[in-house]
Amino acid sequence: MPETARGGGAAGGAPGAARPGGGGANGGTARVTPKDFDSEHRPTWCPGCGDYAILTAIKKTLADLGIAPHQVMIISGIGCGSKLPDYIHANGFMTIHGRPLAVATGFRLANPEMTVLVVDGDGDAYGIGGNHFIHTCRRNINLTHIVQNNQIYALTKGQYSPTSEQGFVTTTSPDGAPERPVLPTALAFAAGATFIARAFAGRPQHMVEVMKEAVRHPGYALVDVMQPCVTFNKLNTYEWYDQRAYDAAAEPGYDPADPVQAWERVNQWGDRIPIGILYRTVRPTYEEGVRALQRHGPPARWTERDLPGEVWDAMVEAFT
Amino acid sequence: MPETARGGGAAGGAPGAARPGGGGANGGTARVTPKDFDSEHRPTWCPGCGDYAILTAIKKTLADLGIAPHQVMIISGIGCGSKLPDYIHANGFMTIHGRPLAVATGFRLANPEMTVLVVDGDGDAYGIGGNHFIHTCRRNINLTHIVQNNQIYALTKGQYSPTSEQGFVTTTSPDGAPERPVLPTALAFAAGATFIARAFAGRPQHMVEVMKEAVRHPGYALVDVMQPCVTFNKLNTYEWYDQRAYDAAAEPGYDPADPVQAWERVNQWGDRIPIGILYRTVRPTYEEGVRALQRHGPPARWTERDLPGEVWDAMVEAFT
Amino acid sequence: MTPATVDLTVTIGGDAGQGIESSGTAFARALMRAGWHIFTMVDYRSRIRGGHNFYQIRVSDRPLYSHSDPVHLLLAMTEETLKIHLDNLAPGAAVIYDEGFKRVDRAEIEAAGVLAFPAPLSRLAARHGSKVMMNTAALGAAAGLLGVDLEPIASVIHDNFGRKGSRVAEANQEVLREARDWAAAELARREGGQAGGNGQDGQAPSAFRYRLGPRGPVTGRRMAIHGNHALALGAVAGGCRFAAAYPMTPGTSLFEFLTAHSHRTGVVTKHAEDEIAAMCMVVGAAHAGARALTTTSGGGFSLMVEALGMAGMVELPVVIVVAQRGGPSTGLPTRTEQGDLLFAVHASQGEFPRIVLAPGTIEDCFEAGWRAFNLAESFQCPVIILTDQYLASSLRDLPAGALDRRGVVIDRGPVLTASDLDALAEPYLRFRDTPSGVSPRAIPGHPKGVYALTTDEHDEESHITEEIGSRVQQMAKRMRKLDSAAAAMRGPRWYGPPDAEVTLICWGSLYGPCRDAVDRAAAAGRSVNMLHFSDLWPLPEDEVNMALAMVNRAVAVEQNYSGQFARLLRMVTGFEVEATLNKFDGRQFTPGEILEGLEEAVGAHA
Amino acid sequence: MTPATVDLTVTIGGDAGQGIESSGTAFARALMRAGWHIFTMVDYRSRIRGGHNFYQIRVSDRPLYSHSDPVHLLLAMTEETLKIHLDNLAPGAAVIYDEGFKRVDRAEIEAAGVLAFPAPLSRLAARHGSKVMMNTAALGAAAGLLGVDLEPIASVIHDNFGRKGSRVAEANQEVLREARDWAAAELARREGGQAGGNGQDGQAPSAFRYRLGPRGPVTGRRMAIHGNHALALGAVAGGCRFAAAYPMTPGTSLFEFLTAHSHRTGVVTKHAEDEIAAMCMVVGAAHAGARALTTTSGGGFSLMVEALGMAGMVELPVVIVVAQRGGPSTGLPTRTEQGDLLFAVHASQGEFPRIVLAPGTIEDCFEAGWRAFNLAESFQCPVIILTDQYLASSLRDLPAGALDRRGVVIDRGPVLTASDLDALAEPYLRFRDTPSGVSPRAIPGHPKGVYALTTDEHDEESHITEEIGSRVQQMAKRMRKLDSAAAAMRGPRWYGPPDAEVTLICWGSLYGPCRDAVDRAAAAGRSVNMLHFSDLWPLPEDEVNMALAMVNRAVAVEQNYSGQFARLLRMVTGFEVEATLNKFDGRQFTPGEILEGLEEAVGAHA
Ligand SMILES: Cc1ncc(C[n+]2csc(CCOP(=O)(O)OP(=O)(O)O)c2C)c(N)n1
Ligand SMILES: Cc1ncc(C[n+]2csc(CCOP(=O)(O)OP(=O)(O)O)c2C)c(N)n1
Ligand code: SF4
Ligand code: SF4
Ligand SMILES: [Mg+2]
Ligand SMILES: [Mg+2]
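Residue numbers (the working numbering), protein chains in the order written: chain A, 538 to 857; chain Y, 538 to 857; chain X, 7 to 612; chain H, 7 to 612.
Spelled out as structure tokens, the structure:
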């Protein structure tokens, strides 16, 4: 039996098609396997790119949680990694650079019955899309945000990104990246995120476990993935990450719910970099507070008969 | 004698006019008084609005630091408070909603000899302009950011803002503001700001002292001002703020340079709200790292004779 | 149309923050309940306090489509109001102001042929508890001068203040009544007292001649509503279930209305962190299958441009309401303009179909609210509704049932149902090449309708491609939808005599002023008609050409500097207007201004 | 123009990530150093690895303005390259590919009339240390077949690899030489060995007939440069001192160039957090008094639209370079298009003057780089330079001194100097109403030039106002600058015989392909000329009308779907073209395609 996921997919009764109806073939019972997500379209990523492992991990995560391809919506931005939805058999939307969180928010509010993953680059998430990032954190909308953080703008061929190490030389930083990098985990914490995790593309099984917890988390869940870009980032290599990454959960006294511990962990970036769930707490999700949604069901399911006559009449009455 | 300010204005030699030359009347010696900033244009703010005190405090800050009207550039966004430059005799630029930090960054990089203040609303700074906020923090560009934080969108007549208390009822939040508010001081800390302060429009003398330190600070300095909006925010009134605000500097063992203390202070918001300098550290400013600026002087001072023939020839040579 | 026997304008003016707009609205609604047609215009500044605002109510026994000059009764809540409006009063007009105003020179007012009514407004208000009720006193005095029944006004005050606790409501009612009595008595006193001038020879007139009488001729339940609310009602009736926005005048009240009624209607609304997010949320909701819209003004629309192109590329139905205001940039935030037309038609990089509608009336706004969704879903493209501050905030009266949701038609365009999908033999192709260019849409969630949208160029399956064949196919497919959409667009509307010597060519909110100008011209024996466009893009060329062929002398009337619609018309049809009338000061043309402008533009005889 | 005696195209193709572009550039530069005119075209995908890319080099003894079909020598670095390009080879063309390619059917190649040269590319490369040098081996083999001297290629390799340490440089030189020797020997062997077919009758030809010889006829030092770099040089020569941008293909290389040279030139560059910030930074820098620009492509420009309006409203001189690519939305990120013209002309809410330039050639790009600043400062408004991927990235050879900075004129427009300000008797009025609409600017920092800009409507002093008088004055003042600017705009350029039967109307980067098409038409005895526009907005109407009056049959050639320039022309002048030729697949028209299209559009006789 597959494990079950909260919120989207196989959990809590009828999953699947938003409108116009139809639970479809995978109604929470059929076994989902990673192969179900295979696509004929082969990735065009460079050999060795960390994005391959992320793609595999996403497939495995969904399969383990029993979420079928039609029960998930994978929303990405623009960048190397953001082409992921083109390489997986699942619902997807490759949007525009930096905006997938906002698109995903609209999608969730219109159809909270589907599992929503946002997959984007560090440029998308923390550069041009930084405003959506901080507001999504505090909004606590129920989606999983997987950032392919390669500390570089890869698709545009190697400019420094908001997470590039200070001093990193690129075509737009011949004297080295001039700014203190964004530390996404710390920023997410300050912005009020309820689930903050880090994974490393070089540790795929651990990454899957983290992703599963993230998808299960009721609310916004950040998984910042250290993703080596073998072509444009010769500093932050597999080796570089591997030497630094340690499993936070293995530390004595590890308690992801403790904000004091969490504050230290989300700020740790240097010789030692914690991976795993750095912080987790539970607050009501955004969706839970939207009365129109709770009372009237998903907007995606709208039918023409929805609006009662009294409601209409009362609205018009106010103008007389 | 007026105190002197670092970076802009009267400090370190010839202040003043960028181009085409001319230090002008107030070349760092003549005494500057708040009256020098008086304008015939009377504020149109509501009687009792917290913005009056901020305007007065800015005049006093500049005067105390010996910075004359032509030596400062006050850049604002769009909102009630952002009309401030219209009511003061000083260089100014009322830009567009949410963008004054970016405009100010361009201004500073072209003319680092002038003192730059950014004055904007909580909607500007933490709402639509949130991305510029976090990136300006880590960039550490030398300017002072005074936020008229009234926890409401005032000029558009009362919608909730990113700093509105959760549950606050407005025209766009009939069920109460649905999101955990942005805590600007915490966000600035996580984003890497080097100077983080809070003031209260109801304690004008304290506000002036904080502003003076902020202008003196070499790098980005945030002064988040609790600014009562007497018309649209009936919750966060003078009284509300007054009951909660306490001077951080008065606490035993107060050390604004200690990040551990600072972390607590920047996160404190509730029954007690610290005002004063919550955190201060020194990192090189962005400007200091820009070699083109250090070697060639301010772009604002460009003259036609600037570019040596060898430089040109070497550039062209590369194409042969 | 038979000429009106009553056509008066009442203006209430004062400082920002004095509640001028709400008092004006209340009075307009009261006059409607008293049996009159009304049309209102708000004139306020982009500040919360300070500075002069005013609210203008036109009242008639005939339906009204615009505001008009001059003013017949002025309620001056500040001394400044008097100064500003004195030049704009009709002969024999009256002014009500507080007796306490120190710098008012009554003689000067009367010398201008205007009746001065220094009234005990603040005194009455204070006596009943608070000077805040000065506005109520002014309305009472106005009722007294106009001779209208108190009951309709009292009922509006009841509706407005009922909630605030009976004391406040009661006090207001008393203030109202006493002020009315004072004015009636004062009028009687003056009429009885002296025979004086009539206001036309510069003599102070003794009697106020612009009276309405206790009740107007209009019968049946009516509603007073402005364009933003009518559009909101239309959207709700049309099945809108999601709206995201960032506040921006004059678009905000539409979003606020949807939000206020969200519980009951089920429209999920989201005040977003910025306009980029708002537009992207709408795109996301549309992809989920919801009818979704955003509301904004030009500055916010500027920020939505990139995501507009996204919707165009992935062929999602989204609706964007752009309530125009004075530009460029921040411009005149609370004033009106039609400055964003060519921008809306061409916004975003590259080429993709979009539809631009510019409703002309309240009824049009209501219809656009639901029709936009039908068009968006039928052609799977963005629909932009261009209104403006004037249309968005001017109240007009209509029969209570005029915005009839039973008349609303829902057309969701080609969507595959679950059983369609179940029955699919071939793999589903999201962007199948079709003769119309529209490809049947599968709402995400069905196992046989799994696909990933992409803003990169893509093939029929929706996979990224750079191949020439797919590119040309998909580009042609998308652009072909413009032709399909053109067939669904409506040609322009005529008003006035056929074969008129001069035709006013206009669009959007100028319907009202131009229509009223045509009527006035007719009354003056001038041969003028109107050709009004509300479906602006794509233009249905044949219909437009046919209409233009019937025009003798064309004058484009536009609320902008450069005559944007005239340019658009020329670009598409080659038709060149003879003259343009442009106003770009943020204030809507009055019918009178149009006729004057016409005289200059094409001569007095037209 | 005398016809060329040599006109060959060499294409090198392979996988993304194989360094095709750098090898192609190296070879083009080498051919230039060898005394040939060159023109290159890059064709690459929006991915870092995988998928076919190619680089095309046209070589001639006459100056070249465009790429051309077919290909005479193909360097196939992958098997796929062969498949893709085989159809596009000239009769008697040659193909060099690695002998190790397994699935190549040599017989099939030869059956197509093409010489097959399976060469020991990887073998040679591996022998000298690394297979990475396969490309170098291919260039060596190409040199052998074409018969060009090795020295120019060796010198380019020296320039490119010199830095990497002598071992790498040495190894490359050896690979180069050995591959050349191999090819020369192989050619000699085949020529000596058999007399075979000539490639035109389907027989495999034995000898390669498209030879260049050791040195070309062109003398003097020359440079090979593309539009982005020429524009960057122009900007530097014109005193640009600030640039902010966010990376976006194909605008990025311009910004990267400015950044790379920043230390020496003093151009402060800032990679911003997004395009909104980039544009706002430019506005800030411009206000400080710096000449400032940003570079982007359509998607980034979409995000700049609001701040563009800000610059327009506060009358600041800013320069925006928009390198167009395939749209809409993300579209075809690495390909070319002219899809953003009407968007650029109308972008942002409300109305304000802007200038739009679309350089046609490398020299135009250089000039636009400095002239844009003169125009921006003279008219205190934004200037948009529209280029595209083709112009931005195609190399052309020019005399080394052709982009002469001594020819650069600096005109900063009306700026008050410190002494002007010192001498002011009246208070300074930033927005003084003037006949030209341009108000003398005081750079902030002078005690007598203290003012605050505002994006709200303002008065002459730059204070916020909503008064009708100031609004109308300032709006008219700003818009008047468009007339002033129109007088500074240039009319279109003619190329080809006067009174030709057909005129190709084009703009921007189509200068080259259309010009070459005109030459080809002339050679074929067809009567075709070209009217090329590079100053697009505001159009200098009189000059444009005069030029259009001389057109017999007008065909608008555009790299977009809907004929945007033809529409613009009609909108402004009423002129209607007879036909349009449109290409929107992301690949630039070749001269041949234009002539073919022309035949269809207006008949073979033209
Ligand atoms: C509005 C906009 N600006 C710029 C670009 C160009 N662009 C495409 S991808 C990208 C950055 C890619 O970096 P990242 O998000 O880190 O993804 P990666 O390629 O590293 O996976 C940029 C700047 C764009 N597509 N849209
Ligand atoms: C792009 C854009 N969106 C929206 C607006 C409308 N607007 C003007 S001020 C404002 C918010 C004001 O709130 P805040 O920044 O907190 O300033 P306050 O009025 O409270 O001082 C908004 C949304 C605008 N001017 N521009
Ligand atoms: S460039 Fe970097 S991020 Fe992009 S596919 Fe290659 S390795 Fe991966
Ligand atoms: S509305 Fe609020 S913020 Fe605006 S002026 Fe009035 S009190 Fe101040
Ligand atoms: Mg990246
Ligand atoms: Mg505020």
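All C-beta atoms, glycine included, are put in the ideal place defined by N, C-alpha and C. Note that the coordinates shown come from a computational prediction; the quantities given were computed from them, not determined experimentally.
>> Tell me the rounded alpha-carbon separation between residue 801 (chain Y) and residue 781 (chain Y).
In response: 16 Å
>> Taking a contact to mean a Cβ-Cβ separation below 8 Å, would you say residue 813 (chain A) touches residue 779 (chain A) in this structure?
In response: no
> Hey, does residue 559 (chain Y) have any beta-carbon neighbour from chain H nearer than 8 Å?
Replying inline: A caution first: residue 559 (chain Y) carries a pLDDT of 35, below 50, which makes its placement in the model unreliable, though a value can still be read off. Closer than 8 Å to some Cβ of chain H, the Cβ of residue 559 (chain Y) qualifies, so yes.
>> I'd like the list of long-range same chain contacts for residue 498 (chain H), defined as Cβ closer than 7 Å, with 5 residues on each side in sequence excluded.
In response: Cβ neighbours of residue 498 (chain H) beyond the five flanking positions: 537, 538, 539, 550, 553.
>> Tell me the rounded alpha-carbon separation between residue 661 (chain A) and residue 236 (chain X).
In response: Rounded to whole angstroms, residue 661 (chain A) to residue 236 (chain X) spans 39 Å at the Cα level.
>> I need the straight-line Cα distance from residue 330 (chain X) to residue 47 (chain X), nearest angstrom please.
In response: 16 Å
> Apart from the five residues on each side of it in sequence, which residues of its chain come closer than 7 Å, Cβ to Cβ, to residue 36 (chain H)?
Replying inline: 158, 159, 162
> Per DSSP, residue 44 (chain X) forms a beta bridge with which residues?
Replying inline: According to DSSP, which records beta bridges pairwise, residue 44 (chain X) is partnered with X:65.
> Would residue 506 (chain H) pass as a contact of residue 547 (chain H) if the rule is Cβ separation under 8 Å?
Replying inline: no
>> Rounded to whole angstroms, what is the Cα-Cα separation between residue 255 (chain H) and residue 311 (chain H)?
In response: Looking at the two C-alpha atoms, the distance is approximately 18 Å.
> Taking the alpha-carbon positions, what's the residue 401 (chain X) to residue 326 (chain X) distance?
Replying inline: 22 Å
> Is any heavy atom in ligand 6 found nearer than 7 Å to the beta carbon of residue 689 (chain Y)?
Replying inline: Within the cutoff, so yes.
> Can you tell me the Cα-Cα spacing of residue 240 (chain H) and residue 95 (chain H), whole angstroms?
Replying inline: 38 Å
>> Just to confirm, is the Cβ distance from residue 43 (chain X) to residue 69 (chain X) under 8 Å?
In response: yes
> Near residue 61 (chain X), which residues of its chain fall below 6 Å by C-beta distance, leaving aside the five closest residues on each side in sequence?
Replying inline: Around residue 61 (chain X): 18, 26, 27, 30, 48.
> Can residue 698 (chain Y) be considered in contact with ligand 6, in the sense that its beta carbon sits closer than 7 Å to one or more heavy atoms?
Replying inline: yes
> For residue 797 (chain Y), is the classification buried or exposed, using 16 other Cβ atoms within 10 angstroms of its Cβ as the cut-off for buried?
Replying inline: exposed
>> Between which two residues does the beta strand (DSSP E) holding residue 388 (chain H) run?
In response: Here the beta strand (DSSP E) through residue 388 (chain H) covers 388 to 394.
>> With H, G and I counted as helix, E and B as strand and the rest as coil, what does DSSP make of residue 630 (chain A)?
In response: strand
> For residue 262 (chain H), does the count of other Cβ atoms within 10 angstroms reach 16, so buried, or fall short, so exposed?
Replying inline: buried
> Should residue 713 (chain Y) and residue 703 (chain Y) be called a contact, given that it needs their Cβ atoms to be closer than 8 Å?
Replying inline: yes
> When you compare each of H:598, H:266, H:193, H:106 to residue 848 (chain Y) by their alpha carbons, which one comes out closest?
Replying inline: H:266
> Would you report the Cα separation of residue 586 (chain Y) and residue 770 (chain Y), rounded to the nearest angstrom?
Replying inline: 11 Å
> Would you report the Cα separation of residue 357 (chain X) and residue 657 (chain A), rounded to the nearest angstrom?
Replying inline: 26 Å
>> Let's see if you can read the secondary structure: which residues bound the beta strand (DSSP E) around residue 300 (chain X)?
In response: 297 to 302
> Going along chain Y, which residues have a C-beta under 7 Å from residue 116 (chain X)?
Replying inline: Neighbours of residue 116 (chain X) on chain Y: none; closest Cβ ~32 Å, over 7 Å.
> Where in the region 260 to 288 of chain X do unbroken runs of the beta strand (DSSP E), each at least 3 residues long, occur, reported from the N-terminal end onward?
Replying inline: 274 to 277
> How about residue 333 (chain X) and residue 304 (chain X): do their beta carbons lie closer than 8 Å?
Replying inline: In contact: residue 333 (chain X) and residue 304 (chain X) (Cβ atoms closer than 8 Å).
> Under a Cβ-count criterion, where at least 16 other Cβ atoms within 10 Å of its own Cβ denotes burial, should residue 72 (chain H) be classed as buried or exposed?
Replying inline: buried
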